[in-house]
Ligand code: PLP
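Numbering (UniProt numbering), first residue to last: 2 to 396.
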């Protein structure tokens, strides 16, 4: 009987954070839990970025920042968009926020009216659905399977569109499937969208640099006809190991960027001053400065796939980016393991936590109830030990 708003009562708790909390609780009881549930690189922020932050403190960057970010940071973002994505944004089209998460929250708040539909190809990043709902939108889930590498086809997109469709939100590389849309695949989706000029796209590219293919990253905004329809979301949390610094940014049509600026000005104001100064240095660096992390993630991806291929019931795609595998584990549904009946991915993920002492996340949270997400942002030793434990628990 606490008089909370329907808004918060209707919102689900972030499943990844809930799993991390449960793992912490078990650790508190003395259990040796291996955490493969979080979307957080296990590297430290590179020294050249930390040095820039220390310099910023000593240079007395301590005042409120411009709501949409320091001009030098926005210039660095413009340079980055040009260098990495061949996108030409101008200053009024850039907004810096407190993480890509705030970028997404801003965009939902400024774009959605009650009852607007937002197409979410499944699996999608855990927060999309709740951010959309919080802002009156209706998530329209488009299920995909391992057969299409968890990617939405143009035909599926076409079929999901209704007169109420306002937006499509997707991430590429995808959290949680690791799938990457090629330029051709994005062009296929854009062909459909050309027939529906009132639909806008959120292209979440936060895993851009964590790409194991030989092809360069493809941005939706760079596809013919899509620049004016796309909000490109990016940030430094993943590729630069800067999750706690909380800096994300968008490139968008200027009327959308202006609206986000207005929203942010009333809710949080500009993002943290020290972190913004450090990110100028991070973005101006050549992406090769963080390549050692990507190389290590690739080794781990191959290790995880190799070890999982040895366990019956784990059916995986080959993730091309990000740092997750998303195995279909429906083979276990209806089976009883160690006296526990597994009815769905949530049961299975909890089973792994309790019996293998390995934290993963249920696919339910990502709109795919047949899968679980395993993050390989952990050392190779931890990965080997975790998968060995999983193997013993399910065999
Ligand atoms: N988008 C995706 C696909 C993510 O996986 C995450 C973080 O897990 C975010 C956005 C949020 O990133 P940030 O730390 O910049 O808020």
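Where a beta carbon is used, it is the ideal one built from N, C-alpha and C, also for glycine.
message: DSSP three-state label for residue 177, please.
response: Looking at residue 177 - three-state DSSP - the assignment turns out to be coil, as it is neither helix nor strand.
message: Just to confirm the assignment, what range does the alpha helix (DSSP H) spanning residue 130 have?
response: Per DSSP, residue 130 belongs to the alpha helix (DSSP H) from 128 to 135.
query: Would the beta-carbon of residue 187 fall within 7 Å of that of residue 141?
result: When the beta-carbon positions are compared, residue 187 and residue 141 stay at least 7 Å from each other.
- request: With a threshold of 6 Å, establish whether the CB of residue 242 neighbours any heavy atom of the ligand PLP.
  value: No - the ligand PLP has no heavy atom lying nearer than 6 Å to the Cβ of residue 242.
- request: Report, in whole angstroms, the separation of the C-beta atoms of residue 164 and residue 190, which I expect to be a contact under 8 Å.
  value: Not confirmed; about 19 Å, so no contact.
message: residue 367 and residue 144 - do their beta-carbons sit closer together than 7 Å?
response: Taking a C-beta distance under 7 Å as the contact criterion, residue 144 and residue 367 do not qualify as a contact pair.
field: For residue 30, the three-state DSSP class (helix, strand or coil)
entry: In the structure shown, residue 30 falls within a coil segment according to DSSP collapsed to helix, strand and coil.
- request: Name all residues in chain order for which at least one heavy atom of the ligand PLP lies closer than 6 Å to the residue's CB.
  value: Qualifying residues come out as 40, 100, 101, 102, 126, 172, 176, 205, 207, 236, 238, 244, 249.
message: Would you say the beta carbon of residue 233 is closer than 6 Å to some non-hydrogen atom of the ligand NAD?
response: Summarising the ligand content, the structure contains the ligand PLP and does not contain the ligand NAD.
task: Return yes when the Cβ of residue 258 is within less than 7 Å of the Cβ of residue 72, no when it is not.
output: A distance of 7 Å or more separates the beta carbons of residue 72 and residue 258.
query: Below 7 Å between beta carbons: does that hold for residue 213 and residue 299?
result: Yes, the Cβ-Cβ distance between residue 213 and residue 299 is below 7 Å.
task: With a 10 Å radius around its C-beta and 16 neighbouring C-beta atoms as the bar for buried, classify residue 5 as buried or exposed.
output: Answer is exposed; the Cβ neighbour count stays below 16.
query: Are three or more beta carbon pairs between the region 70 to 89 and the region 320 to 327 nearer than 8 Å?
result: For the pair of segments examined, the region 70 to 89 was found not to touch the region 320 to 327: the number of CB pairs separated by less than 8 Å stays below three.
- prompt: For residue 253, which option in 104, 31, 302, 355 has the closest C-alpha, if you only look at C-alpha atoms?
  reply: Among 104, 31, 302, 355, the Cα nearest to that of residue 253 belongs to 104.
task: Look at the alpha carbon of residue 341 and the alpha carbon of residue 391, and state the distance between them as a whole number of angstroms.
output: Those two C-alpha atoms are separated by around 15 Å.
- request: Go through the region 326 to 383 residue by residue and report every complete run of the alpha helix (DSSP H) that reaches 4 residues or more, in order.
  value: 346 to 352, all fully within the region 326 to 383.
field: Cβ pair count under 8 Å reaching 3, the region 229 to 238 against the region 15 to 33
entry: The region 229 to 238 makes no contact with the region 15 to 33; the number of CB pairs closer than 8 Å stays below 3.
Rounded C-alpha distance that separates residue 266 from residue 357: Cα to Cα, the separation comes out at about 47 Å.
- prompt: Using DSSP with H/G/I as helix, E/B as strand and the rest coil, what is residue 415?
  reply: Because residue 415 is not part of the residues shown, which for the chain are 2 to 396, the question remains open.
query: Residues bridged to residue 204 by DSSP?
result: Note: residue 204 sits in a beta bridge opposite 171, 233.
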